[in-house]
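Residue numbers (the working numbering), protein chains in the order written: chain E, 163 to 367; chain S, 31 to 191.
We treat Cβ as the ideally placed atom computed from N, Cα and C, and that holds for glycine.
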Amino acid sequence: MRRVLVLGVMVAGIALMLWAGWHNLRERKLAMQKARDSQVMLIPDKGGESAGDMPQMLGKVAPAFSLTDLEGKKVSLADYKGRPVLVNFWATWCGPCKVEMPWFEEFRKQYAAQGFEILGLTDDADAGKDLIAKVAGKAGVTYPILLTDGKVQTTYGGLEVLPMSFYVDRNGVIVEQTAGLGSKDQIEANIKKVIASGSTQAGGM
Amino acid sequence: MRSMVMVGVLLGVSTASFAQLGGLNGPAVKPKQYIAYTAEEQAVQAGKKSTIELIFKVAEGYHVNSHTPKSELLIPTNLTLKPVQGVTTAVPEYPAGISYSFSFEPNEKLDVYTGTFKVKVPVVATAGTHTVEATLRYQACDHAACYPPKSLPIAIAVTAK
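As structure tokens, this is what we get:
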């Protein structure tokens with residue numbers, strides 16, 4: 163009788179240990195699975211080139227926006243109707259952006275007679291006006307710097323790359339768009355293109 | 031394995047359809063990341079001070095700022111751990127970055143991570159299996175463009191015996 167009892171306790175003990183081991187393993191597997199699930203979802207896109215992130219805005223009418231500049235003044239794209247405009251998205255943390263900004267400033271002066279203007283839209287508006295003004299000033303920028311509102315980025319296709327530029331002709335149509343830093347020559351060619359576009363007694367009504 | 035991939039696919043699809051609600055007629059927006067986390071099981075001794083190593087891989091052709099970039103304007107790589115019962119975590123230890131310059135700005139030295147980098151987290155865990163949730167915030171660039179800051183959510187499986 164006693165022997166049966168001991169045997170029973172032993173069997174129960176072994177069963178408990180097996181169960182605990184299995185339970186432990188199962189829990190670890192679940193935790194690992196959870197960890198791996200997030201990994202599967204987050205592996206970067208292999209074909210992730212800058213061009214792939216480019217929003218398809220070419221040939222479209224440039225989305226309207228009304229934003230505040232560093233002095234708190236409202237500036238709208240519509241204010242520049244009938245003029246060729248370069249809409250450039252940049253950020254204070256973006257190195258390549260700050261390389262092309264002095265070039266923009268140079269071309270703005272060079273092509274001012276043709277009505278050419280540049281609007282610098284700051285993606286990281288939360289960096290604060292003072293810092294933004296300081297960074298833009300250091301790049302020698304005197305063209306209007308506007309603070310984005312989070313919505314304008316969406317209307318321009320989501321903005322997954324910086325710098326991002328849209329060349330808007332006199333009729334308000336995007337005739338060129340670029341993502342990432344290009345050469346100075348390429349930028350000038352794009353500016354010439356946007357000035358020439360829609361210039362045949364343009365502006366419309 | 032297949033079921034794991036399925037779960038991943040399902041999660042991906044649901045995320046995509048959720049993102050689609052945001053933009054009206056825009057294409058489905060994929061949650062794009064430039065860093066991947068290698069989920070490895072972290073085994074530690076229960077109740078003892080231990081260090082877990084998290085391995086991150088920066089996608090080829092990209093770099094991210096290190097934890098200590100050389101300019102205040104730059105966004106550092108930073109890991110935030112969510113408190114969870116059974117695991118006490120201390121401040122993460124980040125590796126030193128490597129020196130990098132854009133070809134168009136050879137004199138401007140940046141401090142970046144590229145390829146694989148490891149973040150060490152000192153932990154004390156009670157016996158059992160825990161899932162520590164964390165977020166890696168980073169900002170990536172390639173040779174000519176930069177990408178808005180991203181948050182990479184990760185789940186760390188910690189088993190203490």
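State yes or no: is the beta carbon of residue i nearer than 8 Å to at least one beta carbon in chain S?
{"i": "E/Gln363", "result": "Below a pLDDT of 50, predicted positions are generally treated as unreliable, and E/Gln363, at 49, falls in that range; no measurement from the model is reported."}
{"i": "E/Leu229", "result": "no"}
{"i": "E/Thr284", "result": "no"}
{"i": "E/Val356", "result": "no"}
Over the uninterrupted beta strand (DSSP E) stretch that includes residue i, give me the two end residues.
{"i": "S/Ala73", "result": "Gln72 to Val74"}
{"i": "E/Gly282", "result": "Glu279 to Thr284"}
{"i": "E/Leu293", "result": "Per DSSP, E/Leu293 belongs to no beta strand (DSSP E); it is in the alpha helix (DSSP H), Lys291 to Lys300."}
{"i": "S/Gly158", "result": "Gly158 to Tyr168"}
{"i": "S/Lys87", "result": "Ser80 to Val88"}
{"i": "E/Ala358", "result": "From DSSP, E/Ala358 is part of no beta strand (DSSP E) but of the alpha helix (DSSP H) over Lys346 to Ala358."}
{"i": "E/Trp252", "result": "Val247 to Trp252"}
{"i": "S/Asn118", "result": "Rather than Asn, the amino acid found at residue 118 of chain S in this sequence is Thr. First-last of the beta strand (DSSP E) with S/Thr118: Val117 to Thr119."}
{"i": "S/Phe132", "result": "Unbroken run through S/Phe132: none, as it is neither H nor E."}
If I'm right that residue i touches residue j with Cβ under 8 Å, what's the distance once you round it to whole angstroms?
{"i": "S/Thr159", "j": "S/Thr110", "result": "S/Thr159 to S/Thr110, Cβ: 22 Å. No contact."}
{"i": "S/Ala174", "j": "E/Leu343", "result": "5 Å"}
{"i": "S/Gln63", "j": "S/Leu182", "result": "6 Å"}
{"i": "S/Thr156", "j": "S/Gly116", "result": "4 Å"}
{"i": "E/Gly257", "j": "S/Glu70", "result": "Their Cβ separation, rounded to whole angstroms, is 33 Å, which puts E/Gly257 and S/Glu70 out of contact at 8 Å."}
{"i": "S/Pro106", "j": "S/Thr98", "result": "7 Å"}
Is there at least one Cβ from chain E nearer than 8 Å to residue i's Cβ?
{"i": "S/Phe86", "result": "no"}
{"i": "S/Ala174", "result": "yes"}
{"i": "S/Pro152", "result": "no"}
{"i": "S/Gln75", "result": "no"}
{"i": "S/Pro122", "result": "no"}
{"i": "S/Leu51", "result": "With a pLDDT of only 35 at S/Leu51, under 50, the local geometry of the prediction cannot be trusted, and no value is derived from it."}
{"i": "S/Pro178", "result": "yes"}
{"i": "S/Tyr130", "result": "no"}
{"i": "S/Gln115", "result": "no"}
{"i": "S/Leu109", "result": "no"}
{"i": "S/Ile82", "result": "no"}
For residue i, verify whether its CB is less than 7 Å away from any heavy atom of the ligand FMN.
{"i": "E/Val223", "result": "This structure does not include the ligand FMN; it has no bound ligands of any sort."}
Measure from the alpha carbon of residue i to the alpha carbon of each residue in the options, then state which is nearest.
{"i": "E/Gly299", "options": "E/Lys313, E/Met263, E/Val249 and E/Asp311", "result": "E/Met263"}
{"i": "E/Phe266", "options": "E/Tyr329, E/Ala289 and E/Thr230", "result": "E/Tyr329"}
{"i": "S/Ala66", "options": "S/Ser131, S/Ala190, S/Ala185 and S/Lys191", "result": "S/Ala185"}
{"i": "S/His93", "options": "S/Val154, S/Ala187, S/Thr189 and S/Gly145", "result": "S/Gly145"}
{"i": "S/Val188", "options": "S/Pro136, S/Pro152, S/Ser96 and S/Ile128", "result": "S/Pro152"}
{"i": "E/Phe251", "options": "E/Lys346, E/Gly170 and E/Thr317", "result": "E/Thr317"}
{"i": "E/Leu248", "options": "E/Asp286, E/Asn333 and E/Gly282", "result": "E/Gly282"}
{"i": "E/Thr254", "options": "S/Ala190, S/Tyr177 and S/Lys191", "result": "S/Tyr177"}
Starting from residue i, trace the alpha helix (DSSP H) in both directions and tell me its first and last residue.
{"i": "E/Val337", "result": "Element bounds for E/Val337: not the alpha helix (DSSP H) but the beta strand (DSSP E), Ile336 to Ala341."}
Next on the checklist: Residues of the stretch 316-331 of chain E in Cβ contact with chain A at a cutoff of 8 Å, in chain order, please.
Outcome noted: The structure shown contains no chain A; its protein chains are E and S.
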